[in-house]
Each structure stands twice: as C-alpha cells, then as structure tokens.
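**Student:** One structure follows; several queries about it will come next.
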Amino acid sequence: MANIRPLSSLDVGETARVMAVDVSPEWQGRLNAMGICPGKNITLLRKARLNGPLQLRVGNTELALRRREALLIGVA
Numbered sequence: 041m042a043n044i045r046p047l048s049s050l051d052v053g054e055t056a057r058v059m060a061v062d063v064s065p066e067w068q069g070r071l072n073a074m075g076i077c078p079g080k081n082i083t084l085l086r087k088a089r090l091n092g093p094l095q096l097r098v099g100n101t102e103l104a105l106r107r108r109e110a111l112l113i114g115v116a
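Here the sequence shown is numbered in my numbering, starting from 41 and rising by one per residue.
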C-alpha cells in the first residue's frame with residue numbers, strides 16, 4: 041500500500057499523486073475546480089517563508105494553496 045503523507049510535506053520540485061482529500065464539501069468543489077482531486081499528479085514548486093502558501097502545479101495550471109489546506113490533502 042502507498043505511504044500517504046500530507047501535501048505540505050513534499051520537497052520543492054517533488055511530484056506526487058493525490059490519494060485523498062479530506063475537506064468539507066464546499067472546499068472539495070473548489071479543489072476539484074483547481075484540478076486537485078484523487079489520481080492527479082501535483083508538483084510543489086515553491087514554499088513561501090514563514091508558513092506562507094505553497095505554489096503548486098497541477099497539469100498546466102499553477103496555483104497557491106494555504107498550508108492548512110495542504111495538510112488535508114494526502115499524496116503518495
């Protein structure tokens with residue numbers, strides 16, 4: 041079985057597959073609209089200092105996500 045860990049634990053430049061998203065239905069819809077859903081590959085491009093947001097790439101789309109939401113997304 042895959043070792044699932046939080047999205048926020050990725051190293052810069054690392055790519056992983058989204059395995060689980062444990063958020064409210066409202067956030068689920070928003071994340072799906074951004075392409076963050078189980079089965080998708082996601083790459084961590086940058087971690088802002090002082091616990092700032094993460095810059096991510098999903099497909100051809102780049103986006104920023106707060107670390108507290110990134111803790112609720114499991115990747116492997």
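We put the CB at the ideal spot given by N, CA and C, even for glycine. These numbers come from a predicted model, not from an experiment.
1) For the segment 65-99, which segments carrying the beta strand (DSSP E) assignment without a break, of at least 3 residues, lie completely within its bounds, in sequence order?
2) Roughly how far, in whole angstroms, is the beta-carbon of Val52 from the beta-carbon of Gly75, given that I think they are within contact range, below 8 Å?
3) Taking the beta carbon of Gly69 as the centre, do at least 16 other beta carbons fall within 10 Å, making it buried, or is it exposed?
4) Please name the residue, chosen from Asn72, Ala110 and Glu66, that lies closest to Pro128 on a Cα-to-Cα basis.
5) Among residues of its own chain, excluding the 5 on either side of Glu101, which ones have a beta-carbon nearer than 8 Å to its beta-carbon?
**Tutor:** On the basis of the coordinates in this document:
1) 81-87 and 94-98
2) The pair is not a contact, with the Cβ atoms about 20 Å apart (cut-off 8 Å).
3) exposed
4) Since the first and last residues shown for the chain are 41 and 116, residue 128 lies out of range.
5) Before going on, a small fix: residue 101 reads as Thr here, not Glu. The beta carbon of Thr101 sits closer than 8 Å to those of Met74 and Gly75, all from its chain and outside the five residues before and after it, given in chain order.
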